[in-house]
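Just below is one structure, and these are the notes that go with it.
Number of protein chains: 2
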Amino acid sequence: MYGLIGRMIAQPGKRDELVAIMQAGTGRMPGCLSYIVATDTTDRNAIWITEVWLDEASHKASLALPEVQAAIEKARPLIAGFDSRTVTTPVAGVGLDVAD
Amino acid sequence: MYGLIGRMIAQPGKRDELVAIMQAGTGRMPGCLSYIVATDTTDRNAIWITEVWLDEASHKASLALPEVQAAIEKARPLIAGFDSRTVTTPVAGVGLDVAD
Numbered sequence: 259m260y261g262l263i264g265r266m267i268a269q270p271g272k273r274d275e276l277v278a279i280m281q282a283g284t285g286r287m288p289g290c291l292s293y294i295v296a297t298d299t300t301d302r303n304a305i306w307i308t309e310v311w312l313d314e315a316s317h318k319a320s321l322a323l324p325e326v327q328a329a330i331e332k333a334r335p336l337i338a339g340f341d342s343r344t345v346t347t348p349v350a351g352v353g354l355d356v357a358d
Numbered sequence: 259m260y261g262l263i264g265r266m267i268a269q270p271g272k273r274d275e276l277v278a279i280m281q282a283g284t285g286r287m288p289g290c291l292s293y294i295v296a297t298d299t300t301d302r303n304a305i306w307i308t309e310v311w312l313d314e315a316s317h318k319a320s321l322a323l324p325e326v327q328a329a330i331e332k333a334r335p336l337i338a339g340f341d342s343r344t345v346t347t348p349v350a351g352v353g354l355d356v357a358d
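Protein chains in written order, with my numbering: chain G, 259 to 358; chain F, 259 to 358.
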């Protein structure tokens, strides 16, 4: 499995809008076992995205999906930056959508 | 929802053993929507744990479960420390075990 833990910073006041776009753009993605969007409780502009994929290739392939491309296009102007990105190897867990 | 993203450091050479204990100790926990244990790809002693709970109370209650208490007891001597802990508010996601 291939995991990502990242923190994204929204333009001031744009976090809710950005979260809504990300939520809509990430419905069914082949090989996606978990994709959770969360707001930071201490930084009002920060969003955490934690992902688990079957493998790195599934993650890369998802970036080419039309709905993901569309979401990226809409999200781009609302993003101020990314301030942390960690690649992990998920080992086990509750809530992995293994039916994918 | 209540989320946690944390990084734990195992005693040198003890990461696999620690992961196995955490995996065994976290089977069914009421209110747990996601609980993923992952190894860090750049630090051979680091483990990431990303959690989503129905609410903060569910998380607190889980710490009192006998199987979780037993896992904590076994894990404690293998843990060197915790170097990051973030509380989040999960908003949406693929792979949330909402059947709980």
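The beta carbon of each residue, even a glycine, is placed where N, CA and C say it ideally should be.
Counted within 10 angstroms of its Cβ, other Cβ atoms place residue i as buried (16 or more) or exposed
i, result
"Leu321 of chain G", "exposed"
"Glu309 of chain G", "buried"
"Asp372 of chain G", "Look at the range of chain G in this structure, 259 to 358, and you will see that residue 372 of chain G is not part of it."
"Ala357 of chain F", "Its pLDDT being 46, under 50, Ala357 of chain F is placed unreliably in this model, and the coordinates cannot settle the point."
"Gly261 of chain G", "buried"
"Arg286 of chain F", "exposed"
Test item: CB-CB of residue i and residue j under 8 Å
i, j, result
"Ile263 of chain G", "Trp306 of chain F", "yes"
"Met259 of chain F", "Phe340 of chain F", "no"
"Ala282 of chain F", "Ala329 of chain F", "yes"
"Val345 of chain F", "Thr299 of chain G", "yes"
"Glu352 of chain F", "Ser292 of chain G", "Correcting the residue identity first, residue 352 of chain F is Val in this sequence and not Glu. In this structure, Ser292 of chain G lies closer than 8 Å to Val352 of chain F by Cβ."
"Pro288 of chain F", "Ser316 of chain F", "yes"
"Ala333 of chain G", "Asn303 of chain G", "no"
Identity of the residues DSSP links to residue i by a beta bridge
i, result
"Thr297 of chain G", "G:Ile305, F:Thr347"
"Ser342 of chain G", "G:Arg265"
"Ile337 of chain F", "F:Ala268"
Residue-level contact to chain F via CB, residue i, 8 Å cutoff
i, result
"Ala296 of chain G", "yes"
"Pro348 of chain G", "yes"
"Leu276 of chain G", "no"
"Ile263 of chain G", "yes"
"Gly271 of chain G", "no"
"Leu291 of chain G", "yes"
Any C-beta of chain G under 8 Å from that of residue i
i, result
"Gly227 of chain F", "The structure shown does not extend to residue 227 of chain F, since chain F is modelled only from 259 through 358, so no value can be given for it."
"Ile267 of chain F", "no"
"Gln327 of chain F", "no"
"Trp311 of chain F", "no"
"Leu354 of chain F", "yes"
Chain-order list of residues whose beta-carbon lies under 8 Å from that of residue i (same chain, five-residue window excluded)
i, result
"Val349 of chain F", "Met259"
Same chain only: Cβ atoms within 6 Å of residue i, ignoring 5 sequence neighbours per side
i, result
"Pro294 of chain F", "The residue asked about is misnamed: residue 294 of chain F is Ile in this sequence, not Pro. Closer than 6 Å at Cβ, skipping near neighbours: Thr308."
"Lys272 of chain F", "Leu336"
Other residues of its chain near residue i: CB distance less than 7 Å, five sequence neighbours each side excluded
i, result
"Pro270 of chain F", "Asn303"
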